[in-house]
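For the sequence shown, the working numbering assigns the number 13 to the initial residue and increments by one for each residue that follows.
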Amino acid sequence: MKNNTKMLTEAGVMIALAQVLSYVKLFQLPQGGSVTLGSMVPIILFSATWGGKYGLIASFIYGIFQFMFGGFILNPLSILLDYIIAFGVLGIVGFFPKTLRGTLVGSTIAILIRFVCHFLSGWLIFGFYAPDNLAPWLYSLQYNSFVFVELVITLIIIAAVYKPYMNFKKLHH
13 MKNNTKMLTE AGVMIALAQV LSYVKLFQLP QGGSVTLGSM VPIILFSATW
63 GGKYGLIASF IYGIFQFMFG GFILNPLSIL LDYIIAFGVL GIVGFFPKTL
113 RGTLVGSTIA ILIRFVCHFL SGWLIFGFYA PDNLAPWLYS LQYNSFVFVE
163 LVITLIIIAA VYKPYMNFKK LHH
């Protein structure tokens, strides 16, 4: 029971922290999407600590919050692709080894899946924003490339905080 309370408390704190960090935008795109100051890091660290099952639950909740507090949608499919699934996949980090390397690899894969979700949404749903001389899939590829900047920022922050965070967790677990 004590571990459940700790896990739920930490999930709430990390989801809230991720949500707050999502408002610290380094760059904002016109039809949604932004580069933030590491907003995915709290969810990734939670997933690396508590495992994939709880990580997926927390990350799906975070995706719902991202939609509820400022989502830009055109139809229900964009809710799934741009929010629920795109952020929900961050929890898969918890299925990778609980090492810095495992967390970095898991984060890279999760964020690449997030990119695929945004790319599909951009191509299939938001493609009409593409200029006449640019195919919708290519427009989506270019537009959603912001995710790669977000990936680099996330990996740098995780590499910097992983060991101190895990040491802190060991002391207080």
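C-beta atoms are modelled at their ideal positions from N, C-alpha and C, and glycine is treated no differently.
query, result
"Cβ pair count under 8 Å reaching 3, the stretch 89 to 108 against the stretch 61 to 76", "yes"
"Residue 159 burial status per 10 Å Cβ neighbour count (16 or more: buried)", "buried"
"Same chain only: Cβ atoms within 6 Å of residue 161, ignoring 5 sequence neighbours per side", "47"
"Counted within 10 angstroms of its Cβ, other Cβ atoms place residue 53 as buried (16 or more) or exposed", "buried"
"Nonlocal neighbours in the same chain, by C-beta distance under 8 Å from residue 78, ignoring five residues either side", "31, 34, 95 and 99"
"Run of the beta strand (DSSP E) containing residue 47, from where it starts to where it stops", "46 to 48"
"Exposure of residue 26, with buried meaning 16 or more beta-carbon neighbours within 10 Å", "buried"
"Through-space distance from residue 183 to residue 61, alpha-carbon basis", "13 Å"
"Separation of residue 163 from residue 67, as counted between CA atoms", "18 Å"
"Cβ contact check for the stretch 105 to 120 and the stretch 137 to 150: 3 or more pairs under 8 Å", "no"
"Residue 150, buried or exposed, once every other Cβ within 10 Å from all chains shown has been counted against 16", "exposed"
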